[in-house]
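To start, the structure under review is shown below, and the notes come after it.
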Amino acid sequence: MNAPLPLSPDALARIDEAIAKYPPDQKQSAVMAALTIAQDEKGWLSTETMDFVARYLDMPPIAVYEVASFYSMYDLKPTGKCKLAICTNLPCALQGATAAAEHLKQKLGVEFGATTADGAFTLKEAECMGACGDAPVLLVNNKRMACAMTPDKLDRLIEELK
121 MNAPLPLSPD
131 ALARIDEAIA
141 KYPPDQKQSA
151 VMAALTIAQD
161 EKGWLSTETM
171 DFVARYLDMP
181 PIAVYEVASF
191 YSMYDLKPTG
201 KCKLAICTNL
211 PCALQGATAA
221 AEHLKQKLGV
231 EFGATTADGA
241 FTLKEAECMG
251 ACGDAPVLLV
261 NNKRMACAMT
271 PDKLDRLIEE
281 LK
């Protein structure tokens with residue numbers, strides 16, 4: 121009997137589309153796309169999932185781990201339903217990100233890297249998101265950027281995401 125695949129046929133088809141963008145001997149170039157697709161489906165990247173991606177792309181597992189652990193958008197442990205990543209680099213900090221981050225910590229009752237007791241939110245500190253002119257910026261679930269985040273805007277966002 122065959123063991124079930126760690127990823128759905130739909131996820132594998134999407135990874136195959138990403139692989140097709142590269143020469144056949146360079147399918148490992150699709151590693152970031154494959155990890156994103158896997159994380160979108162699973163919610164986070166377990167060792168089992170990363171090992172599967174490595175086999176699928178004909179890569180050493182350590183090479184996949186290196187990518188997944190280097191980039192902050194990948195989660196190597198389960199997160200809350202909503203992951204909030206706020207940039208605290210200097211341009212954002214100068215525009216109020218430090219105060220916004222402290223407001224989020226207080227509002228959610230967690231520190232960076234932690235998940236609320238109800239599993240609703242994980243708060244992460246992020247590196248530059250390339251939107252310094254819209255500072256402070258926050259990324260919701262790696263997909264939606266929220267700009268010029270004041271405490272009032274943060275409160276509204278949290279209520280919307282609940």
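Numbering (my numbering), first residue to last: 121 to 282. Think of the CB as a built atom: it goes at the ideal place given N, C-alpha and C, for glycine as much as any other residue.
What is the rounded straight-line gap between the Cα of Ala205 and the Cα of Lys162? 19 Å
Please name the residue or residues paired with Phe241 in a DSSP beta bridge. Cys202
Is the distance from the Cβ of Pro304 to the Cβ of Ala220 below 8 Å? Nothing can be reported for residue 304: it is not among the residues displayed for the chain, which extend from 121 to 282.
Taking the beta strand (DSSP E) that Met265 falls in, what are its first and last residues? Arg264 to Ala266
Let me know the secondary structure DSSP gives Cys207 once reduced to three states. strand
Specify, as a first and last residue, the run of the alpha helix (DSSP H) that Val184 falls within. Pro181 to Phe190
Is the region 124-141 close to the region 150-160, with three or more CB pairs under 8 Å? yes
Taking Leu155 as part of the alpha helix (DSSP H), name the residues at either end of that continuous run. Val151 to Lys162
Could you tell me the alpha carbon to alpha carbon distance between Thr218 and Cys248, rounded to whole angstroms? 14 Å
Opposite Thr235 in the DSSP bridges: which residues? Thr242
Exposure of Pro256, with buried meaning 16 or more beta-carbon neighbours within 10 Å: buried
Note down, in chain order, each residue of its chain lying with its Cβ closer than 7 Å to the Cβ of Gly200, except the 5 sequence neighbours on either side. Thr235, Thr236, Gly239, Ala240, Phe241 and Thr242
For a test of the three-state rule: what should DSSP assign to Leu127, helix, strand or coil? coil
Beta-carbon gap between Lys227 and Leu274 smaller than 8 Å: yes
Output the boundary residues of the alpha helix (DSSP H) element that contains Val173. Thr167 to Tyr176
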